[in-house]
Amino acid sequence: MSLLKLEDVCKAYQMGKVVVPVLKNINLEIERGEYVSIMGPSGSGKSTLMNLVGALDRPTEGRVLLKGKDISRLPDDRLATIRQRMVGFVFQQFNLIPRLTAMENVELPMWFAGVPKKERIKRARDLLVQVGLGDRLTHKPTELSGGQMQRVAIARALANRPEIILADEPTGNLDSKSGEEIAKILSGLNDEGKTIIIVTHSPELARMAKRIISLRDGEIVDDRVS
Amino acid sequence: MIEYLELTIKNLTFRKMRTFLTLLGIIIGITAIVALVSIGEGMTKAVNDQFDKIGADKIFVASMMSGGGGTGQSLTDADVRLVERIPGVKFVTPIYTLVAGSEFKGEEKALPITGVPAKAAEQTFSDARAFRLMEGRWISQGDRKKATIGFKVHDDFYRVKVNVGDKILIQGNEVEVVGIFADTGDNDMNQRAFMDFDYLREIMGKGDEITEMVVRVDDISQAEAVSIRIKEALEKNHDTQSFVVLTSQELVKQITDSFKVIQVVFGGIAAVSLIVGGVGIANTMIMNVLERTKEIGIMKATGAKSIHVLRMIVVESGIIGIIGGGIGVLMGYVISLGINRAAEQYLGPNVLTTAVTMELALFALTFSFVVGIISGVYPAYRAAKLDPVVALRS
Chain A
1 MSLLKLEDVC KAYQMGKVVV PVLKNINLEI ERGEYVSIMG PSGSGKSTLM NLVGALDRPT
61 EGRVLLKGKD ISRLPDDRLA TIRQRMVGFV FQQFNLIPRL TAMENVELPM WFAGVPKKER
121 IKRARDLLVQ VGLGDRLTHK PTELSGGQMQ RVAIARALAN RPEIILADEP TGNLDSKSGE
181 EIAKILSGLN DEGKTIIIVT HSPELARMAK RIISLRDGEI VDDRVS
Chain B
227 MIEYLELTIK NLTFRKMRTF LTLLGIIIGI TAIVALVSIG EGMTKAVNDQ FDKIGADKIF
287 VASMMSGGGG TGQSLTDADV RLVERIPGVK FVTPIYTLVA GSEFKGEEKA LPITGVPAKA
347 AEQTFSDARA FRLMEGRWIS QGDRKKATIG FKVHDDFYRV KVNVGDKILI QGNEVEVVGI
407 FADTGDNDMN QRAFMDFDYL REIMGKGDEI TEMVVRVDDI SQAEAVSIRI KEALEKNHDT
467 QSFVVLTSQE LVKQITDSFK VIQVVFGGIA AVSLIVGGVG IANTMIMNVL ERTKEIGIMK
527 ATGAKSIHVL RMIVVESGII GIIGGGIGVL MGYVISLGIN RAAEQYLGPN VLTTAVTMEL
587 ALFALTFSFV VGIISGVYPA YRAAKLDPVV ALRS
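Sequence order for the protein chains is A and B.
In terms of the working numbering, the first sequence is residues 1 to 226.
In terms of the working numbering, the second sequence is residues 227 to 620.
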């Protein structure tokens with residue numbers, strides 16, 4: 001059984017009176033431990049695909065199966081639980097909560113999942129040490145560089161030990177050196193067995209992945225293992 | 227829960243000015259409530275003090291005829307004897323009250339006088355707190371041409387101070403002052419002389435008429451029943467319009483009723499300011515939700531359920547409510563103290579003593595918390611319903 005399976009998935013948005021199709025008949029299977037990059041020009045539907053895979057959104061048609069279970073028609077709170085347990089998001093804009101320290105940002109998903117405080121603190125510290133921020137635990141996002149912020153975001157994504165890490169242009173806002181560090185961390189996570197799916201414009205980052213899927217106008221035009 | 231509180235404090239301190247302005251709305255409302263209610267409590271307390279002054283075991287019977295030009299017959303000694311025989315009555319003190327011409331050191335003035343049997347005077351009034359002697363003694367048995375006078379009569383009623391041992395001319399008769407009461411805070415009581423009942427009637431030519439009687443009952447709990455019996459007995463000889471019978475309780479109730487109107491008005495003003503405060507909280511929380519849309523999207527993406535978001539916003543507005551309430555209670559207390567000092571300055575001591583009770587403080591805190599929670603419900607609902615995809619994009 002695949003970790004992730006999309007069957008004839010379509011997604012369309014209502015823009016006023018016009019229905020705009022974003023994804024058309026996507027069929028896709030991703031196995032546990034894969035490192036997949038999704039490429040394509042803007043507007044090709046990459047982020048929408050990412051939202052569907054990450055249980056942030058539901059398809060208009062078709063089915064999204066996570067570990068064989070159909071999640072395409074689940075109510076909001078069930079989707080929230082799946083995001084809590086199964087998926088970790090990394091965004092281009094880092095999306096940290098500015099008022100919270102690095103530790104607190106990493107603790108947040110564990111808080112939602114009901115992890116006891118002691119355990120939360122221990123795990124958050126371990127994760128921040130793991131991404132090389134052991135000396136930045138109580139810093140606020142504004143006191144961190146872009147690369148450091150993205151590392152906090154990765155630690156946060158790992159907080160509830162998800163099977164899948166979804167990264168949307170994780171190096172898009174970073175200088176090349178920080179970008180390389182982030183790419184290295186992601187590869188490392190994949191080596192440890194995490195399934196990584198990244199959306200990117202960057203050919204260098206895409207090349208780190210073992211499989212590259214290309215999207216154009218809401219359809220998969222290429223899917224190859226490098 | 228502690229986590230929500232931590233998060234709330236971080237959120238509130240992040241936008242200090244806005245938090246302060248929002249708090250202000252609630253602070254003003256709660257301050258108004260606490261200050262106004264404390265004045266109300268002070269008034270009630272003043273009435274109760276008055277009640278203590280009168281004494282709780284008394285029934286007052288007053289003739290409506292004397293000096294009023296009514297048609298019926300005035301109350302007389304015969305009525306006193308009638309009332310004395312009613313079961314439950316301990317004893318009856320007849321009283322004759324009038325304003326008589328007086329002269330002291332050549333200065334003539336109209337002086338209110340209460341005539342009360344000299345032997346019963348102290349017994350009738352001494353337990354009432356209003357009458358504490360400053361000097362001398364009560365008129366007592368055999369004191370025909372003696373008087374005990376109120377504080378103002380001694381102090382500044384006449385150009386020259388009247389002291390114990392001085393003689394005042396009442397209707398041309400020399401009357402010796404044997405005692406002076408301490409200041410009661412009540413001008414009607416302060417500006418009055420107490421003389422023997424029989425002697426006063428004699429020199430004023432009033433025959434067997436009385437203006438009032440003070441009835442003491444055996445058992446306070448029976449006061450109401452006894453007062454009804456008195457009314458029935460007197461109705462045999464008198465027109466029902468020609469006299470009134472009032473228990474101490476009824477007297478106090480008449481005063482408290484008039485205060486209720488004031489308290490309702492006060493309460494109304496305070497309620498309006500609280501509603502305004504609540505709208506202020508709701509407005510701030512809606513702004514907060516709008517401003518934090520992206521953050522709420524992030525929280526949802528990292529696994530927050532609707533209930534987490536809902537609780538976060540409601541706790542935050544509840545906290546604003548209770549903090550505002552706490553500051554409001556303190557400010558209301560300060561204002562209440564200020565009113566006390568002003569009342570002491572302008573009305574005299576112990577006339578109006580405002581009180582912020584523990585109940586009032588707790589009520590105000592609970593109320594402000596509830597207002598906060600209610601104000602947060604709608605913004606919280608909006609936040610919880612946000613689509614994470616849309617929220618993240620904002």
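For glycine and all other residues, C-beta sits at the position ideal for the given N, C-alpha and C.
Through-space distance from B/Val-541 to B/Glu-229, alpha-carbon basis: C-alpha separation (whole angstroms): 11 Å.
Proximity winner among A/Leu-52, A/Gly-68, A/Asp-77 and A/Ile-198, relative to A/Leu-186 (alpha-carbon distances): The shortest C-alpha separation from A/Leu-186 is found at A/Ile-198.
Contiguous beta strand (DSSP E) assignments of at least 3 residues, all confined to the stretch 417–454 of chain B: Given a length threshold of 3 residues, each whole run of the beta strand (DSSP E) inside the stretch 417–454 of chain B is given here in chain order: 419–422 and 438–443.
Below-9 Å beta-carbon distance, A/Ala-80 vs any chain B residue: Any Cβ of chain B closer than 9 Å to the Cβ of A/Ala-80 would place that residue at the interface, and such an atom is present.
Own chain residues within Cβ distance below 7 Å of A/Val-131, not counting five before or after: For A/Val-131, where only same-chain residues beyond five positions count, the Cβ hits under 7 Å are Arg-151, Ile-154, Ala-155 and Ile-185.
Proximal residues of chain B, C-beta to C-beta of A/Gln-84 below 7 Å: Within chain B, the residues near A/Gln-84 are Gly-529.
Beta-carbon contacts of B/Phe-377 that lie in its chain and below 8 Å, excluding the five residues immediately before and after: Scanning its chain for C-beta atoms nearer than 8 Å, with the 5 sequence neighbours on each side dropped, one finds around B/Phe-377 the residues Met-360, Ile-406, Phe-407, Ala-408, Asp-409, Thr-410 and Asn-416, in chain order.
Integer-rounded CB distance, given that B/Gly-547 should sit under 8 Å from B/Ile-594: The question names Ile, yet the displayed sequence has Ser at residue 594 of chain B. At roughly 5 Å, the Cβ-Cβ gap stays under 8 Å, so B/Ser-594 and B/Gly-547 are in contact.
Chain A contact residues for B/Ser-532, given Cβ-Cβ distances below 9 Å: The contacting residues are Asp-76, Asp-77 and Ala-80.
Chain B within 9 Å of A/Val-199, Cβ atoms only: Taking a beta-carbon distance threshold of 9 Å, A/Val-199 does not count as an interface residue toward chain B.
Alpha helix (DSSP H) runs wholly inside the stretch 484–534 of chain B, at least 4 long, in chain order: Qualifying alpha helix (DSSP H) stretches, in chain order: 519–527.
Proximal residues of chain A, C-beta to C-beta of B/Val-615 below 7 Å: Per Cβ cutoff of 7 Å: Asn-51, Leu-56 and Asp-57.
CB of A/Lys-24 within 9 Å of CB of A/Val-64, strictly: The answer is no: Cβ separation not under 9 Å.
Three-state class that DSSP yields for A/Met-39 in the structure shown: Strand.
Three-way DSSP call (helix, strand, coil) for A/Arg-58 in this model: Under the three-state reduction of DSSP output, A/Arg-58 falls in the coil class, being neither helix nor strand.
Three-way DSSP call (helix, strand, coil) for B/Asn-399 in this model: B/Asn-399 carries a strand assignment under DSSP once its states are collapsed to helix, strand and coil.
Span of the alpha helix (DSSP H), counted from its first residue to its last, around A/Ser-176: Here the alpha helix (DSSP H) through A/Ser-176 covers 176–191.
Cβ pair B/Ile-321, B/Glu-438 closer than 9 Å: Yes; because the gap between Cβ atoms is below 9 Å, this pair is in contact.
B/Phe-286 beta carbon less than 9 Å from that of B/Val-471: Taking 9 Å as the Cβ cut-off, B/Val-471 and B/Phe-286 qualify as a contacting pair.
Identity of the residue in A/Val-87, A/His-201 and A/Leu-74 nearest A/Asn-173 by Cα: Nearest option by C-alpha distance: A/His-201.
Closer than 9 Å to chain A by CB, B/Glu-267: No, no contact with chain A.
Within 9 Å, strictly: CB atoms of B/Leu-262 and B/Phe-492: Result yes, Cβ atoms of B/Leu-262 and B/Phe-492 sit closer than 9 Å.
Below-9 Å beta-carbon distance, B/Lys-242 vs any chain A residue: The beta carbon of B/Lys-242 sits no closer than 9 Å to any beta carbon of chain A.
Integer Cβ distance of B/Ala-508 from B/Ser-447, believed to fall under 8 Å: B/Ser-447 and B/Ala-508 do not touch by the CB rule: their CB atoms are close to 52 Å apart, not below 8 Å.
One or two residues paired with B/Gly-327 in a DSSP bridge: Looking at the DSSP output, B/Gly-327 sits in a beta bridge with B/Ala-336.
is_contact[B/Ile-545, chain A] using C-beta, thresh 9 Å: Taking Cβ atoms only, chain A never reaches closer than 9 Å to B/Ile-545, which makes this a no.
Unbroken beta strand (DSSP E) run spanning B/Glu-361, endpoints: For B/Glu-361, the enclosing beta strand (DSSP E) starts and ends at 359–362.
Beta carbon proximity, A/Val-9 to chain B, threshold 9 Å: Output row for A/Val-9: interface = no.
C-beta contact flag for A/Tyr-35 and A/Asn-160 at 9 Å: Not a contact, by the Cβ cut-off of 9 Å.
Partner residues on chain B for A/Ile-97, Cβ-Cβ distance less than 7 Å: The contacting residues are Glu-521 and Ile-524.
Under the three-state DSSP convention, the category A/Lys-5 falls into: Of the three classes helix, strand and coil, the one that applies to A/Lys-5 here is strand, per DSSP.
Under 7 Å from the C-beta of B/Asn-237: neighbouring residues of chain A: Within 7 Å Cβ-Cβ: Arg-99.
Span of the alpha helix (DSSP H) around B/Glu-348: 347–351 is the extent of the alpha helix (DSSP H) around B/Glu-348.
Where A/Met-110 sits in the DSSP three-state scheme: A/Met-110 falls in the helix class under three-state DSSP.
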